[in-house]
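Engineer: Position in the sequence shown (first residue = 1) + 1 = this note's numbering. Backbone N, C-alpha and C fix where the C-beta goes; we use that ideal spot for every residue, glycine too. Values in this document were obtained by computation on a predicted structure and should not be read as measured data.
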Amino acid sequence: MKKRVLLSAFVGLLGLPLAAFSQEPNFGRAVVLDDDDLLVGQPVNWYGPGVVYTYRPRPEGGWSEDALLTAPDSSRKDDFGRALALDGNTLVVGAPRKRDGSGVAYVFTRSEPGGAWRSAAVVEPPRPGNHAEYAAALALRGEDLLIGSPATASTGVVYHFTREGDGWGLA
């Protein structure tokens, strides 16, 4: 119960609406903050597939909800929003339980800061496997994307991808 109270207080301090928080305790499973962008993942939403809430700063302080992102092929329990990585106008969202736990990463882009996010690509695991949890952890910087798959081969793997035009290729 302490975690929920602390998260609730933190969310309240940021000026975020508590409606999302009260729906499902997974709100805030992943959070990224970059300049004027705050994104909050809510995987395993009881009311449907996981989602990512996007927030923009309000002139008077705090944050207001801007958009709600979902996977183009959303399904319940795919864990969409469990991991997030943001760099400029590129956002990567992990769904490590998609496809029987094999996992996928969804890439969203926008044309300019503050613009609308659009689905741009799906980065598939190089070696799909049940319960590999690919995209459980993400890191993005410039043209480099790292995707963690902690249950691959019983030891875990981090894959390195580079941007190739509109897609991503294994480096």
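Can you tell which of Arg119, Arg57, Gly51 and His132 has its C-alpha closest to the C-alpha of Asp167?
Structural biologist: Checked all of Arg119, Arg57, Gly51 and His132; the closest Cα to Asp167 is Arg119.
Engineer: In angstroms, rounded to a whole number, what distance separates the CA positions of Ser76 and Trp64?
Structural biologist: So the two alpha carbons sit approximately 28 Å from each other.
Engineer: Can you give, in chain order, each stretch of the alpha helix (DSSP H) that sits fully within the stretch 93-134 and has at least 4 residues?
Structural biologist: Whole alpha helix (DSSP H) segments, 4+ residues: 99-102.
Engineer: Give me, in chain order, the residues of the same chain whose beta-carbon lies closer than 6 Å to that of Gly149; leave out the 5 immediate sequence neighbours on both sides.
Structural biologist: Closer than 6 Å at the Cβ level, and outside the excluded window around Gly149, lie Ala137, Ala138 and Val159.
Engineer: How would you call Lys4, buried or exposed, if buried means at least 16 neighbouring beta carbons within 10 angstroms?
Structural biologist: Confidence at Lys4 is low in this model, with a pLDDT of 37, below 50, so its placement is unreliable and no value can be given for it.
Engineer: For Leu141 and Glu61, I'd like the C-alpha separation in whole angstroms.
Structural biologist: In a straight line, the C-alpha of Leu141 is about 31 Å away from that of Glu61.
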